[in-house]
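Asks: Mind having a look at this structure? Questions to follow.
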């Protein structure tokens, strides 16, 4: 699949003017960072909010033509989308929101261990136009009086919502002129070695690029060279109609757009100011709070999945940790999953939060071990951390724990129960072998609104000293104006030697589980318990070693509904 995106003129007159005008006319125009449309067309979704000509307050600098480029690799397509948001000038928590609101795929990436996610940007920088240094009062003086009046009159979240919908959230203070090409590539490979080979070839190809024209044609060559490449090419700057006419396989259409790139075309917003920063007091507080809570409510209903994988080595206990490390503490882990290669001889021993003393999880850990027959070189264990973005720190997260009672031969069970007032989002299981034979996961699922139940079992060889731990993850809102509810769904129960149960959430999943029970032979164990699509939780379970052991299996999914009370 290949996609080329170059937005033409928006049909709404107020916004179309922004794209059709000179770069300097974009200064102190507003945009709404809560509008998902700005991801693909920020400049086409600007609003004119000044009361007159502000050219005397601008500084225009021409820098000639400076070409620069950058190639980066990411852990997911979400990180690629976030990088694009940054390149367009949508930064901080707004960039995270924009990337989250523009999910391109209805599948969940397995991990960056065998998959390659990359972004490449090429810029032809020709100049900068910026607003001179002005005080907040002076900046307010440039805006329409009705906008300023409505801004200062904000006292409730409803006022903030109405203001934002009419006037936006940000004012542009600096733009770059020229043009940019931004390319997102994702490649699924069969092994880590193949991924590294593809990565090397892609880096070498982009290192040779020295112009916007070659950036597009090289990207097209990369796409045509492999049927496994998913690619999106975006361009900004230059003539909008010539941009829309680009065919990556036709150099003449590329050249026509490149020739239109000049100091009279904008390709990126470099700086902007949050409108709430121009006022003090209650208006500032309520406008910022409305924006923060709105983005948080969206994140609760659309959590981000971070996946990390590692190769499985024979006869070893394997662990891998997934975490939103690139984004610091603004993301909070509220769930997760784990999966070993389907159909392999590897089975789960753990899928659980990295947490101590009821503290919020920092990451999600997956653990597994091969059983009876050795793991092979292509086997992979993947951990999935499911996280929400909460830079305003409006959400508390806790982890309750419970322990099993049978460390020796046979099955063991454990439960973890949240205190009153907490909302269950997910749970985890960890079978820890202190000595002797292992026990493997047979269940990890919600028992009721507050309790997470888990189970484990040895297989053919009796366990002698294995601990079992259960984890229940809960959240609650610190602000009464943000309400949260959880929806719990249980999938259809199925029976067989090789279970593939699924559960469909009412919305994108924040957690899930699987229950394997009633096996009639040597044993049936869990191999995968993970989000396979944004709304689907999947389990994989199997008997093994030629021992027929059919069992019942069922998957479970949890999703959140959040609402800002205005």
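Numbering (the numbering used here), first residue to last: 10 to 575. In this text, a Cβ means the ideal position worked out from N, Cα and C, and glycines have one as well. Since the model is a prediction, treat every value here as computed from it, not as a measurement.
Which of the three DSSP states, helix, strand or coil, is assigned to residue 81?
Replies: strand
Asks: What residue range is occupied by the uninterrupted beta strand (DSSP E) comprising residue 9?
Replies: Since the first residue of the chain shown is 10 and the last is 575, residue 9 is not available in this structure.
Asks: What does DSSP give as the partner residue(s) for residue 438 in the beta ladder?
Replies: 360 and 479
Asks: Starting from residue 5, trace the beta strand (DSSP E) in both directions and tell me its first and last residue.
Replies: Here the chain comprises residues numbered 10 to 575, so residue 5 is not present and cannot be evaluated.
Asks: According to DSSP, is residue 486 helix, strand or coil?
Replies: strand
Asks: Using only CA atoms, which one of 52, 122, 363 and 214 lies nearest to residue 201?
Replies: 122
Asks: Candidates 396, 404, 78 and 82: which alpha carbon is nearest residue 487's?
Replies: 404
Asks: Go through its chain and collect everything with a Cβ distance to residue 564's Cβ below 6 Å, but skip five positions before and after it.
Replies: 500, 510, 511, 512, 523, 546 and 548
Asks: Here's the rule: buried if 16 or more other CB atoms are within 10 angstroms of the residue's CB, otherwise exposed. What is residue 571?
Replies: buried
Asks: Taking the alpha-carbon of residue 457 as reference, which of 440, 445, 464 and 434 has the nearest alpha-carbon?
Replies: 434
Asks: Check whether the region 457-474 and the region 417-431 touch, using three or more Cβ-Cβ pairs below 8 Å as the test.
Replies: With a cut-off of 8 Å, the region 417-431 and the region 457-474 count as touching, because enough Cβ pairs lie within range.
Asks: Would you call residue 576 buried or exposed, if buried means 16 or more other Cβ atoms sit within 10 Å of its Cβ?
Replies: Not covered by the structure: residue 576. The range shown for the chain is 10 to 575.
Asks: Between which two residues does the beta strand (DSSP E) carrying residue 576 extend?
Replies: Only positions 10 to 575 of the chain appear in this structure, which leaves residue 576 out of reach.
Asks: Contact defined as beta carbons within less than 8 Å: I believe residue 307 pairs with residue 297. What is the distance between those atoms, to the nearest angstrom?
Replies: The Cβ separation is near 16 Å, so there is no contact.
Asks: Which same chain residues end up closer than 7 Å to residue 401 when comparing Cβ atoms and leaving out the 5 residues on each side of it in sequence?
Replies: Setting aside the 5 residues that flank it on each side, residue 401 is surrounded in the same chain by 301 and 305, each with a C-beta closer than 7 Å to its C-beta; the list follows chain order.
Asks: So does the region 377-395 actually touch the region 404-417, counting three or more Cβ pairs closer than 8 Å?
Replies: A contact is defined here as three or more CB-CB pairs under 8 Å, and the region 377-395 fails this definition with respect to the region 404-417.
Asks: Based on the DSSP output, what are the partners of residue 540 in its beta bridges?
Replies: 546
Asks: Let me confirm a value: residue 183 is counted as buried when at least 16 other C-beta atoms fall within 10 Å, else exposed. Which label applies?
Replies: Result: buried.
Asks: Using 8 Å as the Cβ pair cut-off and three pairs as the minimum, do the region 176-192 and the region 49-59 touch?
Replies: yes
Asks: Considering only C-alpha positions, which residue in the set 310, 190, 171 and 378 is nearest to residue 106?
Replies: 310
Asks: Decide if the region 73-80 is in contact with the region 212-226; the criterion is three or more beta carbon pairs, one per stretch, under 8 Å apart.
Replies: yes
Asks: Would you check if the region 351-365 and the region 474-491 touch, i.e. whether three or more CB-CB distances between them fall below 8 Å?
Replies: Short answer: they touch.
Asks: What do you reckon, are the CB atoms on residue 465 and residue 508 nearer than 7 Å?
Replies: no
Asks: Which residues share a DSSP beta bridge with residue 194?
Replies: 127 and 240
Asks: In the DSSP assignment, find the unbroken beta strand (DSSP E) run with residue 561 in it and report its ends.
Replies: 560-573
Asks: With residue 406 and residue 372 assumed to form a contact (beta carbons below 8 Å), what rounded beta-carbon distance in angstroms separates them?
Replies: Contact flag wrong, Cβ pair sits at about 13 Å.
Asks: Under 7 Å, Cβ to Cβ, is there at least one residue of chain B near residue 343?
Replies: No chain B is part of this structure, which consists of one protein chain only.
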